[in-house]
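The sequence shown runs contiguously to residue 463 in this note's numbering.
Heads up, the beta-carbon is just placed ideally off N, CA and C, and yes, glycines get one too.
These numbers were taken from a predicted model, which means no experiment stands behind them.
Below: one structure, written as structure tokens.
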Amino acid sequence: MTTAVETPVTTPLAPPRRGRLRGADLLAVVLGIPATALALWLVDGGLALVTSGAEGTLTGVGQLAGMAAGLAALAGLALASRLRGLERRYGLDRMLGWHRYVGIAAVTALLVHAVALIAAYSMRSGRDPFSQVVFLAGEPWLPAALAGGALMLLVALTSWRRIKSRMAYETWYYLHLLGYLSVVLALGHVLTMGSDFVGNFWATLWWIGLYLAVALMFVVGRWWPLLRSLTRPLKVTGVQRLPDGAISVWVAGPGLAAARAAAGQFFMLRFGVKGLWWQSHPYSMSNRPLAEGLRFTFHARGDDAADFARIRPGTRVWLQGPYGTLGVERSEGRQVAMIAGGSGIAPLRAILDDLRPEQEPVVIVRVSAWHQAWFLEELEQLVADRGGRLHVIAGRRTSLRVDPFTPVALQSLIPDLAERSVYVCGPAAMSRAASRGLVAGGVPRSRIHIERYDY
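Here it is, written out as structure tokens:
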């Protein structure tokens with residue numbers, strides 16, 4: 009007598025909707041807003057000012073720099089808003105990379121603004137620069153603006169890689185939030201002393217509209233998803249501790265069936281345990297997203313390692329997302345190669361679920377020790393089922409006889425490397441080394457798909 013074994017039914021989540029934003033749309037905004045700001049300044053006599061002598065030139069430079077600082081700060085906030093249309097088009101990692109550069113531009117322009125105007129006002133009043141600063145401090149909103157500028161400088165300094173690498177992510181993140189406060193503190197100064205605001209109704213209306221538009225982007229992109237997640241909490245249904253200290257967490261709940269997500273994406277997770285409920289962390293799914301549950305795998309290190317140990321089945325969890333563009337569609341149906349390390353193993357493991365047999369994936373897992381190779385048995389099975397090959401390169405760089413990411417080394421493992429679409433996901437140094445080797449090995453940059461996790 010044969011007993012039938014019932015196979016559990018699983019329902020993949022629907023993929024996210026494609027973004028409607030086009031590159032031309034964003035280009036029009038990026039060029040149009042500064043052009044409008046410059047036009048308003050010129051109409052208000054800006055050209056006559058900068059050609060009126062040394063004092064006027066310094067004043068004009070200071071005004072232009074202040075305008076540039078304001079626009080860059082607003083652009084940085086817009087990029088950090090996680091607005092879905094932008095994120096679907098460009099990916100959160102790229103947006104936050106641009107956010108870093110416009111932040112540097114904002115701080116630089118702010119310093120030029122301060123130095124140029126103090127010099128101009130000193131020439132006009134005959135005071136020395138220090139006395140001029142003391143005199144200006146009597147203006148109603150200037151102390152708040154100075155505090156805002158100091159906070160913005162603090163944010164910039166703590167975002168410098170050498171300093172940031174010495175800080176826990178949580179410490180850096182909450183210091184970084186001071187950047188929002190700096191914009192708010194500067195707003196009163198801008199409205200009462202900004203050259204475009206004093207006596208120019210239309211310029212005032214335009215700038216206030218710009219501030220409100222960015223605020224709306226934040227409400228839609230950051231606060232609304234957070235509020236929605238708080239009304240639809242999910243629960244942890246399983247926890248697995250991995251040998252290297254990482255953990256896998258299964259999350260499920262009634263509201264999950266209506267969600268949309270694709271393999272390779274990540275969510276911002278907030279766990280309902282002491283020490284973690286007030287902060288969110290970006291974690292990748294480590295299998296195909298299903299209506300029955302999601303699996304997230306991540307390292308539990310840093311300041312919160314002890315708090316992660318409190319996560320148990322039944323723990324409430326709130327999700328925001330999904331984010332990321334590292335999906336199977338990026339391969340465009342070509343055969344695939346994957347290079348993974350550290351936490352980057354998780355999203356590539358998930359993408360393997362969605363690859364077709366004819367894509368014959370070749371997977372390289374780079375780890376310092378064998379116990380860090382997450383899901384080894386799963387990877388072996390998934391790769392074998394699709395006619396591919398799995399290579400695990402374990403050992404510290406100093407113990408390896410050859411660099412595994414030279415073109416020769418990569419081509420020895422993947423002879424048809426230049427014909428494949430390649431996914432790279434892992435620590436920043438590994439991703440850079442792999443990318444250099446892939447380009448030198450003949451892979452077009454358009455077929456190298458990297459998602460950064462060090463923002």
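Nearest-angstrom beta carbon gap, residue j and residue i [assumed within contact, 8 Å]
| i | j | result |
| --- | --- | --- |
| Thr-305 | Ala-354 | 5 Å |
| Val-325 | Leu-242 | 5 Å |
| His-197 | Trp-231 | Their Cβ separation, rounded to whole angstroms, is 26 Å, which puts His-197 and Trp-231 out of contact at 8 Å. |
| Ser-294 | Ala-392 | That pair is no contact at about 19 Å. |
| Phe-281 | Arg-318 | Note on identity: in this sequence residue 281 is Val, with Phe being the wrong assignment. About 4 Å; that satisfies the 8 Å criterion. |
| Gly-349 | Val-373 | 7 Å |
| Arg-132 | Phe-143 | At roughly 11 Å, the Cβ-Cβ gap does not stay under 8 Å, so Arg-132 and Phe-143 are not in contact. |
Local conformation of residue i per DSSP, three classes
| i | result |
| --- | --- |
| Leu-21 | coil |
| Ala-448 | helix |
| Thr-245 | strand |
| Gly-93 | helix |
| Leu-220 | helix |
| Thr-11 | Reliability fails at Thr-11, whose pLDDT of 40 lies under 50, so the model's placement of it is uncertain and the value that follows must be treated cautiously. In the structure shown, Thr-11 sits in coil (DSSP, three-state: anything other than H, G, I, E or B). |
| Ile-458 | strand |
| Ser-237 | helix |
| Ser-139 | helix |
| Ser-7 | Since the first residue of the chain shown is 9 and the last is 463, residue 7 is not available in this structure. |
| Arg-303 | strand |
| Arg-405 | helix |
| Pro-415 | helix |
| Leu-327 | strand |
| Leu-398 | strand |
| Arg-453 | helix |
| Arg-319 | As written in the sequence, residue 319 is Ile, which differs from the Arg given in the question. Residue state, collapsed to three classes: coil. |
| Ile-126 | helix |
| Arg-108 | helix |
| Arg-102 | helix |
| Trp-478 | Nothing about residue 478 can be read from this structure; the chain reaches only from 9 to 463. |
Rounded straight-line distance, which links the Cα of residue j to that of residue i
| i | j | result |
| --- | --- | --- |
| Pro-452 | Phe-413 | 16 Å |
| Gln-343 | Arg-428 | 5 Å |
| Arg-25 | Ala-267 | 11 Å |
| Ala-12 | Thr-18 | For Ala-12, the predicted structure reports a pLDDT of 39, less than 50, and the residue's modelled location is therefore unreliable. A value from the coordinates is still provided. Computed Cα separation, rounded: 18 Å. |
| Gly-53 | Asn-208 | 11 Å |
| Pro-435 | Ile-347 | 11 Å |
| Ala-153 | Asp-252 | 48 Å |
| Leu-82 | Val-222 | 7 Å |
| Pro-290 | Leu-193 | 29 Å |
| Gly-64 | Leu-72 | 12 Å |
| Val-432 | Ile-216 | 42 Å |
| Thr-10 | Ser-443 | Any answer about Thr-10 is weak, because its pLDDT of 39 lies below 50 and its placement is not dependable; what the coordinates show is given next. Cα to Cα, Thr-10 sits roughly 53 Å from Ser-443. |
| Ile-401 | Gly-283 | 36 Å |
| Leu-390 | Val-257 | 21 Å |
| Leu-34 | Val-410 | 44 Å |
| Leu-21 | Ser-351 | 23 Å |
| Arg-364 | Val-371 | 14 Å |
| Ala-32 | Val-38 | 10 Å |
| Leu-302 | Ala-265 | 11 Å |
| Gly-111 | Ala-80 | 7 Å |
| Ala-211 | Ala-45 | 8 Å |
| Ala-437 | Ser-407 | 17 Å |
| Gly-261 | Glu-366 | 35 Å |
| Ser-60 | Leu-104 | 41 Å |
| Ala-299 | Gly-27 | 23 Å |
| Val-227 | Ala-88 | 12 Å |
C-beta atoms of residue i and residue j nearer than 8 Å
| i | j | result |
| --- | --- | --- |
| Pro-297 | Ala-269 | yes |
| Glu-368 | Gly-396 | yes |
| Leu-66 | Ala-124 | yes |
| Phe-274 | Ser-288 | no |
| Ile-456 | Val-430 | yes |
| Gly-68 | His-121 | no |
| Met-160 | Leu-118 | yes |
| Gly-84 | Leu-29 | no |
| Leu-499 | Leu-327 | Given that the chain is displayed from residue 9 to residue 463, the structure contains no residue 499 and the question cannot be resolved. |
| Arg-90 | Gly-229 | yes |
| Leu-398 | Leu-418 | no |
| Arg-320 | Val-259 | no |
| Trp-382 | Leu-250 | yes |
| Ala-448 | Asp-361 | no |
| Val-191 | Gly-156 | yes |
Residue-level contact to chain B via CB, residue i, 8 Å cutoff
| i | result |
| --- | --- |
| Thr-166 | In the structure shown, chain B cannot be found, because there is only a single protein chain. |
Check whether the region 89–106 and the region 325–337 are in contact - that is, three or more C-beta pairs closer than 8 Å.
yes
Tell me whether the region 162–170 and the region 179–193 touch, counting them as touching only if at least three CB pairs, one residue from each stretch, are closer than 8 Å.
yes
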